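Residue numbers (the numbering used here): 3 to 193.
We put the beta carbon where it would ideally sit given N, CA and C, even for glycine.
In this text the structure is predicted, and so the values were computed from the model without any measurement.
Before any comments, here is the structure.
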């Protein structure tokens, strides 16, 4: 009777590790925020005025609400795992973390040059990472001529990528155009 403990997911890829890091960092950030000590979220004023330079990096792993954590974890685990298996681990990390980080740094430069609405705005690096994964996955499928299954409906990779862009645009309409700016940068990604 030798029973082994098994988890409902595996750590066969970097994408799976990123998912666990995202969940853990999001929970820790939420608990710290409740105590008045947010540590990881990206805010331009804290980077520029208090020199908290780690925030653009740590924010990549912080989801800001329950649905973002749940769906983000699923997207990172499944789409991220598939992209990583298609590419190398290094290329996967370079694109999935590099694009959102570059977008945050652009926002930081804009906030430095023209503070206005960019000072004090919070940015979800995880949301940017999730939409990056979604759009890149759609583009990869499109370039290879692969049909995708979106909740039982067959669609092209290009349509899948446009759905990801739609998520970003809906975030602009129903949220803040300023907060969605880092996500808009991913449209210039090269696959």
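Query, Result
"Under 8 angstroms, do residue 133 and residue 170 count as touching if we go by C-beta distance?", "yes"
"State buried or exposed for residue 194, treating a residue as buried only when at least 16 other CB atoms are found within 10 Å of its CB.", "A query on residue 194 cannot be resolved here, the shown segment of the chain reaching from 3 to 193 and no further."
"What does the alpha-carbon distance come out to for the pair residue 130 and residue 167?", "11 angstroms"
"Can you list, in chain order, the stretches of the alpha helix (DSSP H) that have 4 or more residues and sit fully within the segment 16-85?", "16-36, 46-52, 57-60 and 68-77"
"Quick one: grab the DSSP three-state call for residue 14.", "coil"
"Buried or exposed for residue 101, going by 16 or more other Cβ atoms inside 10 Å?", "buried"
"To which residues does DSSP link residue 106 through a beta bridge?", "Its beta-bridge partners do not exist; DSSP assigns none."
"Where does residue 187 fall in DSSP's three states?", "Low per-residue confidence applies at residue 187: pLDDT is 43, beneath 50, and the placement is therefore not dependable enough to give any value."
"Does residue 172 come out as helix, strand or coil in the three-state DSSP assignment?", "helix"
"Checking the sheet assignment: what are the DSSP bridge partners for residue 158?", "149"
"I'd like to check one pair, residue 44 with residue 58: are the Cβ atoms closer than 8 angstroms?", "yes"
"Straight-line CA distance for residue 124 to residue 95?", "23 angstroms"
"In whole angstroms, give me the CA-to-CA distance for residue 105 and residue 112.", "11 angstroms"
"Would you please state the rounded distance, in angstroms, between the beta carbons of residue 128 and residue 62? I believe it to be under 8 angstroms.", "7 angstroms"
"Given this structure, state the Cα-to-Cα distance separating residue 153 from residue 71, to the nearest angstrom.", "20 angstroms"
"Looking only at C-alpha atoms, which of 103, 136 and 160 sits nearest to residue 126?", "103"
"Given this structure, state the Cα-to-Cα distance separating residue 49 from residue 117, to the nearest angstrom.", "13 angstroms"
"Within 10 angstroms of the Cβ of residue 64, are there 16 or more other Cβ atoms? Answer buried if so, exposed if not.", "buried"
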